[in-house]
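Peer 1:
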Amino acid sequence: MQSAIYCPDAAVVGGKMLDHPGLLVDPNGLIQRLDSVEALAVEFPEAMRVNLKGEILLPGTVNGHNHGFQVLMRGMGEDQDFMAWRSRVLYPVSSTLTPQEIYDSARLAYWDMLRHGITAVADFFYLNDQGSDNALAIARAARDVGMQLLLARTFYDWDGAPVRYRESPSQARDHTLELALRIKAEGLSEWATVHVAPHSPHGASQAMVEAAVAVQQELNTHLHIHVAEGKYERTTMLTRHQKTPIQWCRDLGALGPRTLAIHAVWADPDDLAILAESGSAVVHNPASNMILGDGIAPIIEMIQRKIPVLLGTDGGCTNDRHSIFDEMRTAALLQKVRMTDVSVIDADTVFAMGTSVASRALGLNSGNLLPKERFDAVTVRRDDPSLLPGPATTGHIVYAMGETAINSVYVAGERVIHEGQPVRFDPAPLINWARRWQNR
Ligand SMILES: [Zn+2]
4 MQSAIYCPDA AVVGGKMLDH PGLLVDPNGL IQRLDSVEAL AVEFPEAMRV NLKGEILLPG
64 TVNGHNHGFQ VLMRGMGEDQ DFMAWRSRVL YPVSSTLTPQ EIYDSARLAY WDMLRHGITA
124 VADFFYLNDQ GSDNALAIAR AARDVGMQLL LARTFYDWDG APVRYRESPS QARDHTLELA
184 LRIKAEGLSE WATVHVAPHS PHGASQAMVE AAVAVQQELN THLHIHVAEG KYERTTMLTR
244 HQKTPIQWCR DLGALGPRTL AIHAVWADPD DLAILAESGS AVVHNPASNM ILGDGIAPII
304 EMIQRKIPVL LGTDGGCTND RHSIFDEMRT AALLQKVRMT DVSVIDADTV FAMGTSVASR
364 ALGLNSGNLL PKERFDAVTV RRDDPSLLPG PATTGHIVYA MGETAINSVY VAGERVIHEG
424 QPVRFDPAPL INWARRWQNR
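So the mapping is simple: this note's numbering equals the position in the sequence shown, first residue as 1, plus 3.
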């Protein structure tokens, strides 16, 4: 790659819409300068010009929570509650997937996400088969489609779950450390980073959570945990341990500045104080929470307490979309209804949740399109009917824009979606495979 000057009609930089900015991106995919196109052209005459006439440049969006393989269960669990969906759909279907199907399902999910403007995803992965082969396969899938993967490798030992999810704490530890080494040895570090993910207070024992915390420290990485998603978990934990799920996590050392608490729907004011005190971030999955009838997470109160709140789509079968732009809109509308007050949250806030706040919480060097950041970006066509008549504002992006407006997607300076089509792979065989899988 050579240096390039990107020349869009407008761009959201540092959360502000700028008219006709120029961005100089170096051969390593890092933004070096932000200036007028004319000034950059004089200073860097050798740089390639990328004319984005008629397009708005946005930071890539970050999917803070997903289970990639669940894309295969789309359409199977509709209108069922969490327990019914888990026992009738998730457990039986996920038990049958072969390693090749796990790889292909990840490619399908990541392609769908890229197509919707997601440039990084935290995939909370638990089909581990007491090893590291399957997780390595999804890291390869990320590279093969061009997605930045935060591989939240699960620690799971609840004996009610399928055998392939389960390990002992020492197995989970060894296989996670082995995975980190294999990712490095295979040259996948550019595309995938290992995070640890004790499943949840209902899926991981105390010993399992403690093992995950130890590996987090050893790998100097992030920790993801589902917590307080459904009301039942809160009731059960209070009966069994006389602690809320969030208190239980705190007491095991699982909360801290690099913790991603997934869901936190059933969090009371004391729980929020604990999350704020620990520096933990929350991943809010509004569409998934709505589809499963979980409840509405108190994200207004979280934001007031300065808890970083990110957005996630959750798995492809509990949403059933892979779009963070969609979650921005849903998150804002849901809080306005919950509080019966239109002013409680605005478009800029939810836009940041899906971009800059998420990037910071997950340790990514992107999310603002500012100099020294990685060029993870999305272009949208301003003549798409969903963005007419304009003018272009973040409010239009959040509330009005349809996915048809998304044109190109860049990850680390490389264009991985061009005019809506993937660049790194031919989608036709993947489409055929997905159709055959569905018939099976
Ligand atoms: Zn989840």
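Even glycine gets a Cβ: it sits at the ideal position worked out from N, Cα and C.
Between which two residues does the beta strand (DSSP E) harbouring Asn410 extend?
Peer 2: Residue 410 sits at position 407 when you count from the first residue of the sequence shown. Start and end: Ile409 to Val414.
Peer 1: Using a Cβ-Cβ distance under 8 Å, would Leu314 count as near chain C?
Peer 2: Here there is only one protein chain, and chain C is not present.
Peer 1: Pull up the distance between the alpha-carbon of Ala361 and that of Val285, whole angstroms please.
Peer 2: To locate residue 361, count along the sequence shown from 1; it is residue 358. To locate residue 285, count along the sequence shown from 1; it is residue 282. Those two C-alpha atoms are separated by around 10 Å.
Peer 1: Using CA coordinates, which residue listed in Leu117, Ala214 and Gly80 is at the minimum distance from Gly62?
Peer 2: The residue given as residue 62 occupies position 59 in the sequence shown. Note on identity: in this sequence residue 62 is Pro, with Gly being the wrong assignment. Residue Leu117 is the option with its Cα nearest to Pro62.
Peer 1: What residues in its chain sit with their C-beta under 6 Å from that of Asp38, if we drop five residues either side in the sequence?
Peer 2: Here residue 38 is taken as the residue at index 35 of the sequence shown, counted from 1. The residues are Gly25.
Peer 1: Nearest to Arg110 by alpha carbon, out of Leu433, Gln35 and Gln441?
Peer 2: As a working note, residue 110 is residue 107 in the sequence shown. Measuring from the Cα of Arg110, the nearest candidate turns out to be Leu433.
Peer 1: Taking a contact to mean a Cβ-Cβ separation below 8 Å, would you say His198 touches Leu153 in this structure?
Peer 2: One-based indexing of the sequence shown puts residue 198 at position 195. One-based indexing of the sequence shown puts residue 153 at position 150. Closer than 8 Å, so yes.
Peer 1: Identify, in the order they occur along the chain, each residue of the same chain with its Cβ nearer than 6 Å to the Cβ of Phe378, setting aside the five sequence neighbours on each side.
Peer 2: The residue labelled residue 378 in the question sits at position 375 within the sequence shown. Closer than 6 Å at the Cβ level, and outside the excluded window around Phe378, lie Val28, Gly32, Ile34, Tyr413 and Gly416.
Peer 1: Confirm the yes/no value for this check: CB of Ile448, any heavy atom of ligand 1, distance under 7 Å.
Peer 2: With the chain running from 4 to 443 in the structure shown, residue 448 is simply not present.
Peer 1: How many whole angstroms separate the CB atoms of His68 and Asn288, which I take to be in contact at a CB cut-off of 8 Å?
Peer 2: Taking the sequence shown and counting its residues from 1, the one referred to as residue 68 is at position 65. Taking the sequence shown and counting its residues from 1, the one referred to as residue 288 is at position 285. Between Asn288 and His68 the Cβ distance is about 6 Å, and since that is below 8 Å, they are a contact.
Peer 1: Note the first and the last residue of the continuous beta strand (DSSP E) segment covering Ala50.
Peer 2: Translated into the one-based positions of the sequence shown, residue 50 becomes position 47. Where Ala50 is concerned, there is no enclosing beta strand (DSSP E), given that its DSSP letter is neither H nor E.
Peer 1: Contact check, Asp126 vs Ala155 under 8 Å by CB: the rounded distance?
Peer 2: Within the sequence shown, numbered from 1, the residue matching residue 126 stands at position 123. Within the sequence shown, numbered from 1, the residue matching residue 155 stands at position 152. With 8 Å as the limit, Asp126 and Ala155 qualify as a contact, their Cβ atoms being about 6 Å apart.
Peer 1: Check this for me: beta carbons of Val216 and Leu255, under 8 Å apart or not?
Peer 2: What you label residue 216 is simply residue 213 of the sequence shown in a count that begins at 1. What you label residue 255 is simply residue 252 of the sequence shown in a count that begins at 1. Yes; because the gap between Cβ atoms is below 8 Å, this pair is in contact.
Peer 1: Taking only runs that begin and end inside the stretch 18 to 99, name each unbroken beta strand (DSSP E) of 3 or more residues, in chain order.
Peer 2: 19 to 22, 24 to 28, 34 to 39, 51 to 62 and 64 to 69, all fully within the stretch 18 to 99.
Peer 1: According to DSSP, simplified to helix, strand and coil, what is Arg443?
Peer 2: On the sequence shown, residue 443 is found 440 positions in, with the first residue counted as 1. Here Arg443 sits in coil by DSSP.
Peer 1: Comparing C-alpha positions only, which one of Ala267, Arg253 and Gly319 sits nearest to Arg237?
Peer 2: On the sequence shown, residue 237 is found 234 positions in, with the first residue counted as 1. Nearest option by C-alpha distance: Ala267.
Peer 1: Please list, in chain order, all residues with a C-beta atom less than 7 Å from at least one heavy atom of ligand 1.
Peer 2: That gives His68, His70, Phe127, His229, Ile265, Asp317 and Gly318.
Peer 1: Among Thr122, Thr321, Ala13 and Val312, which has the Cα closest to the Cα of Asn368?
Peer 2: Here residue 368 refers to the residue found at position 365 of the sequence shown. It is Thr122.
Peer 1: In terms of residue numbering, what span does the alpha helix (DSSP H) encompassing His225 cover?
Peer 2: On the sequence shown, position 222 is the one that residue 225 refers to. Per DSSP, His225 belongs to no alpha helix (DSSP H) and is neither H nor E.
Peer 1: What's the call for Ala188, buried or exposed, on a 16-neighbour Cβ count within 10 Å?
Peer 2: Position 185 of the sequence shown, counted from the start, is the residue given in the question as residue 188. Answer is exposed; the Cβ neighbour count stays below 16.
Peer 1: Quick check: what's the CA-CA separation for Leu263 versus His225?
Peer 2: Stepping through the sequence shown from its first residue, residue 263 is reached at position 260. Stepping through the sequence shown from its first residue, residue 225 is reached at position 222. The alpha-carbon atoms of Leu263 and His225 are separated by roughly 8 Å.
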